[in-house]
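The block underneath contains the structure these notes are about, expressed in structure tokens.
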Amino acid sequence: MEWDATLLSRIQFGFTLGFHILFPTLTIGLSGFLVILHGAWLYTAREEYLRLYRFWLKIFALGFGTGVVSGIVLSFEFGMNFARFSQATGNVLGPLLGYEVLMAFFLEASFLPIMLFGWGRVGPRLHFLATVMVALGTFLSAFWILAANSWMHTPAGFELRDGVFYVRDWWSVVFNPSFPYRLAHMLMASLLTAAFVIAGVSAWHLRRGVHAALARRALAVSILSAAVFAPAQILIGDLHGLQVARDQPVKVAAMEALWETTEAAPFVLVGWPDEAREANRFAVEIPYAASLILTHSPTGRVPGLDQAQAADRPHVPTVFFSFRVMLAIGFYFLFVAWTGLVLWWRGRLYDRAWFQRLCIAAIPLGFVAVIAGWLVVEVGRQPWVVHGMLRTADAASALEPSAVAGSLTLFVLAYLVLLGAFLAFAFRLASQGPETAVPPQARRLPRTVWRATP
0 MEWDATLLSR IQFGFTLGFH ILFPTLTIGL SGFLVILHGA WLYTAREEYL
50 RLYRFWLKIF ALGFGTGVVS GIVLSFEFGM NFARFSQATG NVLGPLLGYE
100 VLMAFFLEAS FLPIMLFGWG RVGPRLHFLA TVMVALGTFL SAFWILAANS
150 WMHTPAGFEL RDGVFYVRDW WSVVFNPSFP YRLAHMLMAS LLTAAFVIAG
200 VSAWHLRRGV HAALARRALA VSILSAAVFA PAQILIGDLH GLQVARDQPV
250 KVAAMEALWE TTEAAPFVLV GWPDEAREAN RFAVEIPYAA SLILTHSPTG
300 RVPGLDQAQA ADRPHVPTVF FSFRVMLAIG FYFLFVAWTG LVLWWRGRLY
350 DRAWFQRLCI AAIPLGFVAV IAGWLVVEVG RQPWVVHGML RTADAASALE
400 PSAVAGSLTL FVLAYLVLLG AFLAFAFRLA SQGPETAVPP QARRLPRTVW
450 RATP
């Protein structure tokens with residue numbers, strides 16, 4: 000592996016985007032939870048919903064602000080590190096990213112101040128509308144970003160003239176073959192991540208014996224939600240896998256470390272993919288499982304890495320191990336959620352210390368799974384930046400390696416400082432927990448809306 004400017008640019012873009020994606024993941028999931036809490040407060044006038052809303056709103060705002068700061072640099076990297084990519088795909092990706100800014104960022108930025116500072120200054124309907132609009136903004140942001148990214152994996156609706164992509168059909172561009180699966184997978188990952196952050200913080204409060212009443216309610220809502228989201232995510236992942244096997248078989252072969260096209264292919268549970276020998280060392284396999292997962296037939300034919308030249312394959316160990324990390328966390332979430340469901344049914348959800356430890360341990364795992372999944376997706380499409388059409392090496396700017404190494408070092412240092420600041424403030428907010436007394440201007444709100452009796 001040669002540490003040239005292209006590889007360093009890939010590492011820099013991967014690092015900054017991988018850091019940035021943590022915060023939209025959190026805010027997309029939390030925004031839905033805030034809508035539920037706000038609606039419940041207006042409908043029932045039970046102050047516990049208001050206190051939970053105001054508590055999680057602070058963490059949402061912290062994540063939103065950090066996400067905006069960490070995401071600004073990405074647009075500059077397109078021009079600096081991947082100028083030839085921008086020239087070739089600007090006609091397609093430029094408008095999609097522009098829609099993201101116009102429809103999502105402006106929507107979020109316009110209504111977030113009302114969510115944060117509108118207590119007693121605007122009516123309850125407008126305040127609730129602001130919560131819904133911010134949640135809608137986070138969804139639209141994911142919609143357009145994933146439309147653009149999915150087009151790079153399964154390009155459609157274009158024509159190529161002199162090395163430049165021109166749009167022929169916007170509908171096909173946006174709703175390209177991988178887009179529905181990737182959007183659903185990302186939204187569900189965000190909801191699951193937020194659910195286990197809420198469950199973990201609530202379990203932590205129960206372990207410390209503080210805010211017990213609110214922690215019980217938040218833990219119950221988050222575990223019940225996760226019990227639905229976790230199997231739904233596995234089902235969506237299975238459908239997405241079928242789509243990837245159809246449109247990007249080499250990526251699936253790397254995920255499975257399947258070196259030869261095989262019928263009745265086994266699933267490699269653990270092992271070490273050896274690219275030089277084109278074989279797996281220390282492999283522990285489940286017979287027929289890969290064929291069953293990827294073709295829904297135990298004897299189905301699964302294309303291997305031998306379908307592509309060595310120069311057209313991704314880095315197999317990275318894709319292989321990242322996929323298993325994501326998979327393991329997904330099943331851990333399913334185990335914790337359904338275990339919590341059983342405990343809730345037996346009336347023991349709030350007094351099992353071992354279960355609380357499982358929930359606390361799950362707080363960072365959603366983010367780890369998102370990063371691992373992102374590595375599977377993005378490393379798995381290499382060496383193409385637009386699958387089958389434009390190689391990454393042809394998309395990078397002609398830069399000096401020392402210049403890219405210098406900017407990469409600065410980004411790593413700056414983002415580590417930013418991450419440290421976020422974690423410190425988030426830990427402080429989580430430690431403080433919900434307010435013990437709600438300000439009067441906030442408490443007056445539900446009297447005028449939907450609640451029938453005081």
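0 is the number of the first residue of the sequence shown in numbering that gives the first Met the number 0; add one for each residue after it.
Note that beta-carbon positions come from the ideal geometry of N, C-alpha and C, so glycine has one too.
Taking the Cβ atom as the reference point for each residue, do residue i and residue j lie within a distance shorter than 7 Å?
| i | j | result |
| --- | --- | --- |
| Arg206 | Gln431 | no |
| Ser221 | Ala194 | yes |
| Gly28 | Leu190 | yes |
| Phe54 | Pro433 | yes |
| Ser406 | Ala371 | no |
| Tyr199 | Ala361 | According to the sequence provided, residue 199 is Gly. The question's Tyr does not apply to it. Cβ distance < 7 Å, so Gly199 and Ala361 count as in contact. |
| Phe18 | Ser69 | yes |
| Ala217 | Leu51 | yes |
| Ala252 | Gly303 | yes |
| Tyr180 | Leu139 | no |
| Ile10 | Leu428 | no |
Can you give me the C-alpha to C-alpha distance between residue i and residue j, rounded to a whole angstrom?
| i | j | result |
| --- | --- | --- |
| Thr294 | Leu257 | 14 Å |
| Leu268 | Phe281 | 10 Å |
| Ile233 | Glu399 | 44 Å |
| Val384 | Pro286 | 34 Å |
| Gly136 | Gly66 | 14 Å |
| Tyr414 | Arg300 | 45 Å |
| Leu95 | Phe424 | 34 Å |
| Pro154 | Asn90 | 13 Å |
| Glu284 | Gln242 | 24 Å |
| Phe266 | Met325 | 15 Å |
| Ile144 | Arg390 | 21 Å |
| Val437 | Leu49 | 8 Å |
| Phe81 | Trp40 | 48 Å |
| Gly13 | His386 | 17 Å |
| Ala226 | Tyr42 | 25 Å |
| Val378 | Leu364 | 21 Å |
| Ser224 | Ala420 | 30 Å |
| Val196 | Met79 | 36 Å |
Spatial neighbours of residue i within its chain, please: CB distance less than 6 Å, with the 5 preceding and 5 following residues excluded, ordered by chain position.
| i | result |
| --- | --- |
| Phe110 | Ala129, Met132, Val133 |
| Ala188 | Val369 |
| Phe22 | Gly62, Thr65, Gly66 |
| Val457 | The chain is shown only over 0 to 453; residue 457 falls outside these bounds and no answer can be derived. |
| Ala451 | Any answer about Ala451 is weak, because its pLDDT of 46 lies below 50 and its placement is not dependable; what the coordinates show is given next. Excluding sequence neighbours, Ala451 sits near nothing in its chain. |
Might you give, ordered along the chain, the residues of its own chain that have their beta carbon closer than 7 Å to the beta carbon of residue i, omitting 5 neighbours on each side?
| i | result |
| --- | --- |
| Gln308 | none |
| Phe366 | Leu21, Thr24, Thr192 |
| Phe228 | Met187, Leu190, Leu191, Ala194 |
| Glu47 | Ala212, Leu213, Arg216 |
| Ile359 | Gly199, Ala202, Trp203 |
In chain order, what residues of the same chain lie with their CB nearer than 8 Å to the CB of residue i, ignoring the 5 residues before and after it?
| i | result |
| --- | --- |
| Thr298 | Glu262, Ala263, Tyr287, Ser290 |
| Gly38 | Phe127 |
| Thr15 | Ser69, Val72, Leu73, Glu76, Phe410, Tyr414 |
| Leu342 | Leu348, Arg351, Phe354 |
| Gln86 | Val163 |
*Ordered list of alpha helix (DSSP H) runs contained in the region 383-432, each at least 4 residues*: 391-394, 400-431
*Count the C-beta pairs between the region 269-276 and the region 311-318 that are closer than 8 Å, then say yes if the count reaches three, no if not.*
yes
_Does the region 57-75 come into contact with the region 146-162, if we say contact requires no fewer than three beta-carbon pairs (one atom in each stretch) closer than 8 Å?_
no
_the region 385-397 touching the region 4-22, judged by at least three CB pairs closer than 8 Å_ = yes
_the region 340-351 in contact with the region 115-122 per 3-pair CB rule at 8 Å_ = no
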